[in-house]
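What follows is a single structure, written as structure tokens, with notes after it.
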Amino acid sequence: MSVPTARLRVLNDAPANVDGSFVLYWMVAYRRLEWNFALQRAAEWARELEKPLVILEALRADYPWASDRLHQFIIDGMRDNSRRAAQSNIAYYPYIETSAGSGKGLLQALARRASVVITDDFPAFFVPRMVGASARVVSARMEAVDSNGLVPVRQSTKVFTTAHSFRRHLHHELPHHLGDFPEERPLRNLPRASRSVVPSDILERWPQARLKERSADHDLLARLPIDHAVPPVDVRGGSGPAKRALRRFLDRGLDAYATLRNHPEEEVTSGLSPYLHFGHISVHHVFAELAERVNWSPLDIAPQASGRRRGWWGAGEGAESFLDECITWREVGFNMCVHHGSYDKFSSLPGWARMTLNDHARDRRLHTYTLEQFESAQTHDELWNAAQGQLLREGSIHNYLRMLWGKKILEWTRSPRQALRFMIELNNKYALDGRGPNSYTGIFWVLGRYDRAWGPERPVFGKVRYMSSENTARKFPVKEYIRRYRT
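Note that the sequence shown ends on residue 1658 in the numbering used here; no numbers are left out.
This is the structure:
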């Protein structure tokens, strides 16, 4: 089988059931039908065993921060997957819980009829616990497959504490994996799945979701036990919109990315973060299209793995800047989540950061705000309010202002631990790309993760890097941004 062994984990001791009716792919994190090692592994099993392939994509009602916004984005992707699956030989089974726990038993029921169960090896949020618990009750062989990044997440057992050290690791390891990309179209030449491949008793108990046009989703969402106070955004989920966002960025943003990506009023950022988070697009796909666009080859890589930010790729200034964000900073977060069980806790900060924040925890704050005041963008700072306004309205904050947003929450809360709680709550509730490794990288960077001690030592911040709205406004034009997003 062609999926690299470094990306495979066998989750139980059960053998493949040769008498099973199908191979089951339980899609939980890589919600796409292309460039997907987990789906590719399932397809390989289906061909080897000469069994049809069934894809279960389920949506729980009780995951933390479940809301109309997050549900809508996921349902967009499910609708996209349904349309694409109809053009192949697979059976696609979308399921949306109508009440908390109503999907309990569905995976187990399908697994009893399956030869093999394949799922996604995603290291954050509730996914590891859910997959681990399922493996204990699934009777068929169950495997988890890593399709997270360019380098397998378990390639190293070390927790990297700086971007520089991880970059050195990446520069050493990545060339060995550039030939191991997932198949762009893994669903070719599969045994045909009949309409009756999923037993009727299962379909009766757990009816398939009816994925009509998006205009019909409002009534569906209104009936679900989720947070209706966080509305959907205009950005649509799914692999189709993800591909369009990628091509739009390559056409309009890539060349200027290195020089303008920190400018709040410039539209050069990729907009890919939500699609990467929900698995609607693969970083392998992003990398492949970018490499083709800039005519890049692995032969362009500089020979020494020095850990430097620029010059190693040999891909041009804009491409190198984007690749450092999309690969280095993205994958260092996965490294933390895989190898540090408390990646979302204050205790996971480096020792110097914990010490300096604790030393200054009781410093006098000039301003303090409640969670509700932050949430409704009711502070004295119009730039911060605009950043929060963008988060409320669009489910994202401009890259540079997202850092400022967090630094000000640290400055305006009663303690660093309260600041951490507020950042996690606001980000995970409203951000489309929240609840994943990259979100926790950004949140904890505010408190010193992957950074160094800075001077001079300041009230509240101690030796943690300081940022201010005044300095930001001196660096970049922000008046139009404030006008656009003020609440």
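Quick reminder that beta carbons are idealized off the backbone N, C-alpha and C, glycines included.
- For Leu-1374, the closest of Met-1313, Ser-1410, Ala-1262 by C-alpha to C-alpha distance is Ala-1262.
- Taking C-beta atoms as the reference points, Asn-1207 and Pro-1353 count as a pair closer than 8 angstroms.
- Taking the Cα positions, Ala-1413 is about 13 angstroms away from Met-1249.
- Annotation: the continuous beta strand (DSSP E) that includes Glu-1314 extends over 1312 to 1316.
- Here DSSP, grouped into helix, strand and coil, assigns Phe-1193 to strand.
- Inter-residue distance for Arg-1178 and Glu-1543 is about 43 angstroms (C-alpha atoms, whole angstroms).
- Residue pairing from DSSP leaves Arg-1654 without any beta-bridge partner.
- Annotation: Arg-1501 to Asp-1515 spans about 16 angstroms, alpha carbon to alpha carbon.
- Separation of the CB atoms of Val-1454 and Cys-1497 is rounded to 7 angstroms, and the pair is thereby assigned contact status at 8 angstroms.
- If you compare the alpha carbons of Pro-1235, Gly-1303, Val-1465, Arg-1284 with that of Asp-1291, the shortest gap goes to Gly-1303.
- By the neighbour-count criterion, in which 16 or more other beta carbons inside 10 Å mark a residue as buried, Val-1617 falls on the buried side.
- Arg-1300 carries a helical assignment under DSSP once its states are collapsed to helix, strand and coil.
- A straight-line Cα-Cα distance of about 10 angstroms links Val-1465 and Gly-1489.
- If you draw a 10 Å sphere on the C-beta of Asp-1372, you find fewer than 16 other C-beta atoms in it, and that means exposed.
- DSSP, read as helix, strand or coil, puts Ala-1380 in coil.
- Three or more Cβ pairs closer than 8 angstroms define a contact, and the stretch 1446 to 1460 meets that threshold against the stretch 1402 to 1419.
- Of the residues assessed, Glu-1221 falls on the exposed side of the cut-off, its CB having fewer than 16 other CB atoms within 10 angstroms.
- Looking at Gln-1559, Leu-1195, Ser-1567, the one whose alpha-carbon comes closest to that of Arg-1283 is Leu-1195.
- By the criterion of a C-beta distance shorter than 8 angstroms, Thr-1539 is surrounded in its chain by Trp-1583, Thr-1584, Arg-1585, once the five residues flanking it on both sides are discounted.
- A distance below 7 angstroms between beta-carbons, with the five flanking residues on each side excluded, links Val-1316 to the following residues of its chain, in chain order: Val-1174, Arg-1178, Leu-1179, Phe-1208, Ala-1209, Arg-1212, Ile-1289, Asp-1291, Asp-1292.
- Here the alpha carbons of Arg-1623 and Pro-1587 stand approximately 17 angstroms from one another.
- One alpha carbon belongs to Glu-1553, the other to Ile-1653, and they sit about 7 angstroms apart.
- Here Ala-1393 carries a helix assignment [DSSP, helix/strand/coil].
- Taking one beta carbon from each stretch, the stretch 1473 to 1487 and the stretch 1524 to 1540 have fewer than 3 pairs nearer than 8 angstroms; the two do not touch.
- If you keep only unbroken alpha helix (DSSP H) runs of at least 4 residues inside the stretch 1209 to 1247, you get nothing at all.
- Its chain contains Asp-1239, Arg-1240, Gln-1243 as the residues whose beta carbon lies nearer than 6 angstroms to that of Pro-1403, once the 5 sequence neighbours on both sides are disregarded; these appear in chain order.
- The beta carbon of Pro-1435 sits closer than 7 angstroms to those of His-1569, Tyr-1571, Leu-1572, Phe-1647, Val-1649, Tyr-1652, all from its chain and outside the five residues before and after it, given in chain order.
- An exposed status is given to Lys-1383, since fewer than 16 other beta-carbon atoms sit within 10 Å of its beta-carbon.
- Leu-1554 has no beta-bridge partner at all, per DSSP.
- A straight line joining the alpha-carbon of Lys-1579 with that of Ala-1393 spans about 35 angstroms.
- Taking C-beta atoms as the reference points, Leu-1349 and Pro-1469 count as a pair closer than 8 angstroms.
- Counting C-beta atoms within 10 angstroms of its own C-beta, Leu-1417 has 16 or more neighbours from the protein chains shown and is therefore classed as buried.
- Counting C-beta atoms within 10 angstroms of its own C-beta, Lys-1600 has 16 or more neighbours from the protein chains shown and is therefore classed as buried.
- Taking C-alpha positions only, Pro-1299 is separated from Ala-1200 by approximately 11 angstroms.
- Contact between Leu-1361 and Arg-1218 is confirmed by a C-beta separation of about 7 angstroms, below the 8 angstroms threshold.
- Taking each of Ile-1226, Ser-1273, Tyr-1234 in turn and checking the Cα distance to Ser-1253, the smallest one comes out for Ile-1226.
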